[in-house]
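Chemist:
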Amino acid sequence: MQKIDLKKDFAALYKATAKPALIKVPKLRYLMIDGQGDPNTSQAFTDAIATLYGLSYTMKFMLKKGPMAIDYPVMPLEAVWWADDMRDFLKGNKTKWRWTVMVMQPTVINAKALKAARAELERRKKVLPAIGLVRLEDLTEGACAQILHVGPYAAEGPTIAKLHAFIQQQGKAPRGKHREIYMSDARRVAPEKLRTIIRQPMG
């Protein structure tokens with residue numbers, strides 16, 4: 112059986128410390144769902160995460176049991192955040208926040224595999240509320256800086272400021288959207304111990 116470990120293959124992207132670092136993110140493949148609203152109260156946000164993981168695990172087990180016999184760990188949840196008016200984002204007006212939640216996939220996952228996973232979930236009569244919103248997309252972030260934040264999501268402000276100051280020290284400016292990679296399961300880990308990689312494209 113062939114084994115793929117994306118976290119190991121792209122180790123620099125999924126390891127970070129409290130010291131900001133420069134990285135280059137190549138083209139990677141993700142399952143994605145777009146939405147809007149406060150992640151703490153939005154049912155759409157909860158449904159999107161459940162749908163991404165439901166499809167990700169279904170494809171994983173289909174490939175493992177299929178003729179290709181490929182096995183791989185499902186990757187952590189990631190999200191990009193922004194607002195039409197960035198003042199809403201900076202002020203924490205979360206009802207105006209826009210987001211794309213995503214889970215990285217091996218390149219063997221394609222539109223055919225996604226279609227097969229949808230069919231399998233229908234056959235099992237497993238309902239995923241956001242399944243009609245899912246897309247499979249390749250994304251290239253390029254030059255970025257990232258840092259590890261340990262603690263509650265609501266306390267990320269100083270860590271983000273530190274990251275942006277580091278980017279300015281490189282003679283660069285932030286570009287694109289603020290990204291977070293959730294290395295801890297918030298359902299099982301105390302808020303003060305949550306580990307989140309914060310990444311910012313720059314140019």
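The sequence shown lines up with residues 112 to 314 when you count with my numbering. Don't be surprised by glycine CBs; every beta carbon is placed ideally from N, CA and C. The structure displayed is predicted, hence computed values, not measured ones.
1. Which residue comes first and which comes last in the beta strand (DSSP E) that contains residue 213?
2. Based on the DSSP secondary-structure assignment, which residues constitute the bridge partners of residue 247?
3. Would you say residue 292 and residue 274 are within 8 Å of each other, going by their C-beta atoms?
4. Nearest-angstrom Cα distance between residue 238 and residue 231?
5. Using CA atoms only, rank isn't needed, just tell me which of 199, 189 and 205 is closest to residue 160.
6. With respect to the alpha helix (DSSP H) encompassing residue 183, which residues constitute its N-terminal and C-terminal limits?
7. If you check the beta carbons only, do residue 191 and residue 289 fall under 8 Å apart?
8. What does the Cβ neighbour count give for residue 211, buried or exposed, with the cut at 16 atoms within 10 Å?
9. For residue 123, count the other beta carbons within 10 Å of its own beta carbon; 16 or more makes it buried, fewer makes it exposed. Which is it?
10. To the nearest angstrom, report how far apart residue 162 and residue 133 are at their CA atoms.
11. What residue from 128, 139, 284 and 157 has the CA that sits closest to residue 120's CA?
12. Using a 10 Å radius around the Cβ and a threshold of 16 neighbouring Cβ atoms, would you call residue 312 buried or exposed?
13. For the ligand SAM, is there any heavy atom lying closer than 7 Å to the beta carbon of residue 256?
14. Determine, using beta-carbon pairs with one atom in the region 243 to 255 and one in the region 169 to 181, whether at least three such pairs fall under 8 Å.
15. Considering only residues of the same chain and omitting the five flanking positions on each side of residue 281, which have a CB-CB separation below 8 Å?
16. What whole-angstrom Cβ distance do residue 278 and residue 284 have, given they're in contact under 8 Å?
17. Helix, strand or coil for residue 220, going by three-state DSSP, please let me know.
18. So what does DSSP say about residue 319, is it helix, strand or coil?
19. Residues bridged to residue 293 by DSSP?
20. Does the beta-carbon of residue 228 have 16 or more other beta-carbons within 10 angstroms, so that it is buried, or is it exposed?
Modeler: By the coordinates alone:
1. Its beta strand (DSSP E) spans residues 209 to 216.
2. According to DSSP, which records beta bridges pairwise, residue 247 is partnered with 142.
3. Residue 292 places its beta carbon 8 Å or farther from that of residue 274.
4. One C-alpha to the other measures close to 11 Å.
5. The candidate whose alpha carbon is nearest that of residue 160 is 189.
6. That residue, residue 183, is in no alpha helix (DSSP H); it is neither H nor E in DSSP.
7. Result yes, Cβ atoms of residue 191 and residue 289 sit closer than 8 Å.
8. Buried is the call here.
9. The residue in question, residue 123, is exposed, as its Cβ has fewer than 16 Cβ neighbours within 10 Å.
10. In a straight line, the C-alpha of residue 162 is about 32 Å away from that of residue 133.
11. Here the closest residue by C-alpha is 139.
12. With 16 or more other Cβ atoms within 10 Å, it is buried.
13. Absence of the ligand SAM from the depicted structure is noted, as is the absence of any ligand whatsoever, leaving it without description.
14. Cβ pair count under 8 Å is below three, so no.
15. 133, 256 and 313.
16. The pair is a contact, with the Cβ atoms about 7 Å apart (cut-off 8 Å).
17. DSSP places residue 220 in coil when its eight states are reduced to three.
18. A query on residue 319 cannot be resolved here, the shown segment of the chain reaching from 112 to 314 and no further.
19. The partner list for residue 293 (beta bridge, DSSP) reads 307.
20. Buried.
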